[in-house]
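Numbering-wise (the numbering used here), the sequence shown opens with residue 15 and increments by one. Note that CB positions come from ideal geometry on N, CA and C, so glycine has one too. Below is one structure, written out as structure tokens; comments come after it.
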Amino acid sequence: MKIAQKASQKGLTLIELMISMSLGLVVSIAAVQLFITAFSSFNLQRGLGDVSENGRFGLDFVAKNISTAQYATGKVGKVVSAMQKNMNLTSPEGSAIVTEVSELPGSPVGLASSNDSINLGIGASDQLVTRTWIPTDGPAQRDCEGNVIVIPAGADGIYSVARYFLRADTTTGSTSALACDAGTYSAGDAAMLGFGDAGIVLLNAVDSFQVLYGISTDATTIPPVVVRYVTAAQYSALTVPRPRVAAIRLGALVRSSDSVGKLVGGSPTVNVLDTVITGANQDAAGAQILRRVFVSTVALRNAL
């Protein structure tokens, strides 16, 4: 005779299954949210680091090169005034800041200091052209492109010219980058060597580059005292004899390479020297791009 045995069943009820699935979903959502927050914070910190490092490096590099702008006659240290036109200077090449193409061999069109002449990035940007005399008896030097400056045999020196401007950078895909174009020439040359090309990129994410010139009270007071800052156009419009330019003030709006998310906040209005820019953290595609303003003031040695 067979004895019937009860078959026991083990498992979860439908309610228990739904509760466990809901708890698992909540934990998964929390983990995903934590990952998204950490990723956004990482992008923001990376953007802040890139902008800060690149902005400081870019302006410091330009400022260091500008501080060497000078014209020496005979030996290092003997300089004449910077950016003074029609002042009976020792030489017509005595201007450290080039604002007129007639000051350069061949009068290259568009290759002198100017304001609001480049429409890249946000708004119009300036262009700065400096000139330095490299004497034979001085140490070997390189231009802003990294090239060794070669002085012709038998010459007492050579002029080195540097142009700072914005252009597109096809290597990184940037629509506006701070670049430097360098060249050289000797007195009496009909054209410049190596000047007027695309140069090299110093900083590949710059939306605005502005330049102001610090002028003194008059053309004769030494050492000059800066009383106000003007644009290249405003300086050229002053009555001759123009006051000395004793300093250069640089301003750059540097942006992050990638979107950093919505952690940057809204789209503020910022001032890059004399230029007002709105929507500084919003690009045309709606991506949140981190942007910061960097300003540097450089004293010109040849104005002292």
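- Beta-carbon proximity check, PHE190 vs LEU180, cutoff 7 Å: Translated into positions along the sequence shown, residue 190 becomes position 176. Translated into positions along the sequence shown, residue 180 becomes position 166. First, the amino acid is wrong: residue 190 is Ser here, not Phe. The answer is yes: Cβ separation under 7 Å.
- Using the C-alpha atoms, what's the distance from ALA138 back to VAL290? If you number the sequence shown from 1, residue 290 lands on position 276. If you number the sequence shown from 1, residue 138 lands on position 124. Their backbone Cα atoms lie some 11 Å apart in a straight line.
- In whole angstroms, what is the alpha-carbon distance linking ILE303 and THR245? Numbered from its first residue, the sequence shown carries residue 303 at position 289. Numbered from its first residue, the sequence shown carries residue 245 at position 231. About 29 Å.
- In chain order, what residues of the same chain lie with their CB nearer than 7 Å to the CB of VAL239, ignoring the 5 residues before and after it? What you label residue 239 is simply residue 225 of the sequence shown in a count that begins at 1. Hits under 7 Å: SER230 and THR231.
- Measuring CA to CA, which of THR27, ILE136 and LEU192 is closest to VAL10? With the chain covering 15 to 318 only, the question about residue 10 has no answer from this structure.
- Query: Should the region 208 to 220 be regarded as contacting the region 67 to 85, the criterion being three or more beta carbon pairs within less than 8 Å?
  - Reply: yes
- Item | Residue from PRO255, ALA247 and SER174 with nearest C-alpha to THR146 | Locating residue 146 in the sequence shown gives position 132, counting from the first residue. Minimum Cα distance to THR146 is reached at SER174.
- Apart from the five residues just before and just after GLY210, which ones in its own chain have a Cβ nearer than 8 Å to its Cβ? The residue labelled residue 210 in the question sits at position 196 within the sequence shown. Within the same chain, GLY210 has close Cβ partners PRO122, LEU125, ASP195 and GLY197.
- Give me the Cα-Cα distance between ARG269 and ILE50, rounded to the nearest whole angstrom. In the sequence shown, the residue the question calls residue 269 occupies position 255. In the sequence shown, the residue the question calls residue 50 occupies position 36. Looking at the two C-alpha atoms, the distance is approximately 23 Å.
- Message: Could you compute how far the alpha carbon of VAL76 sits from the alpha carbon of GLY171?
- Response: Taking the first residue of the sequence shown as 1, we reach residue 76 at position 62. Taking the first residue of the sequence shown as 1, we reach residue 171 at position 157. Approximately 23 Å, taken between the alpha carbons.
- Message: Do VAL307 and ILE262 count as a contact pair if the criterion is CB distance below 7 Å?
- Response: Locating residue 262 in the sequence shown gives position 248, counting from the first residue. Locating residue 307 in the sequence shown gives position 293, counting from the first residue. Against a cut-off of 7 Å, the Cβ pair of VAL307 and ILE262 comes out as no contact.
- Item | Host alpha helix (DSSP H) of LEU1 (start-end) | Not covered by the structure: residue 1. The range shown for the chain is 15 to 318.
- Message: Does ASN133 pass the burial test, meaning 16 or more other C-beta atoms within 10 Å, or should it be called exposed?
- Response: Taking the first residue of the sequence shown as position 1, residue 133 is located at position 119. Burial call: exposed.
- Query: To the nearest angstrom, how far is it from the Cα of SER127 to the Cα of SER310?
  - Reply: Numbered from its first residue, the sequence shown carries residue 127 at position 113. Numbered from its first residue, the sequence shown carries residue 310 at position 296. Looking at the two C-alpha atoms, the distance is approximately 18 Å.
- How is the beta strand (DSSP E) around ALA154 delimited, first residue to last? Taking the first residue of the sequence shown as position 1, residue 154 is located at position 140. Per DSSP, ALA154 belongs to no beta strand (DSSP E) and is neither H nor E.
- Task: Could you check how far apart the C-beta atoms of ILE214 and ALA193 are, in whole angstroms? I think they sit under 8 Å.
- Result: Stepping through the sequence shown from its first residue, residue 214 is reached at position 200. Stepping through the sequence shown from its first residue, residue 193 is reached at position 179. With 8 Å as the limit, ILE214 and ALA193 qualify as a contact, their Cβ atoms being about 6 Å apart.
- Query: Going by other Cβ atoms of all chains shown within 10 Å of its Cβ, with 16 needed for buried, is MET206 buried or exposed?
  - Reply: Mapped onto the sequence shown, residue 206 falls at position 192. Buried: at least 16 other Cβ atoms inside 10 Å.
- Message: Quick check: the Cα distance between PRO119 and ASP64, rounded to an integer number of angstroms?
- Response: Position 105 of the sequence shown, counting from 1, holds the residue named residue 119. Position 50 of the sequence shown, counting from 1, holds the residue named residue 64. Each residue's alpha carbon lies about 39 Å from the other.
- Do ILE111 and THR82 come within 7 Å of each other at the CB atom, strictly closer than that value? What you label residue 82 is simply residue 68 of the sequence shown in a count that begins at 1. What you label residue 111 is simply residue 97 of the sequence shown in a count that begins at 1. Result no, Cβ atoms of THR82 and ILE111 do not sit closer than 7 Å.
- Query: Can you tell me whether DSSP reads ALA247 as helix, strand or coil?
  - Reply: Start at 1 with the first residue of the sequence shown, and residue 247 comes out as number 233. Correct three-state label for ALA247: helix.
- Query: Taking Cβ to Cβ, would you say ALA176 is nearer than 7 Å to ASN79?
  - Reply: As a position in the sequence shown, residue 176 is number 162, starting the count at 1. As a position in the sequence shown, residue 79 is number 65, starting the count at 1. Yes, these two residues count as a Cβ contact at 7 Å.
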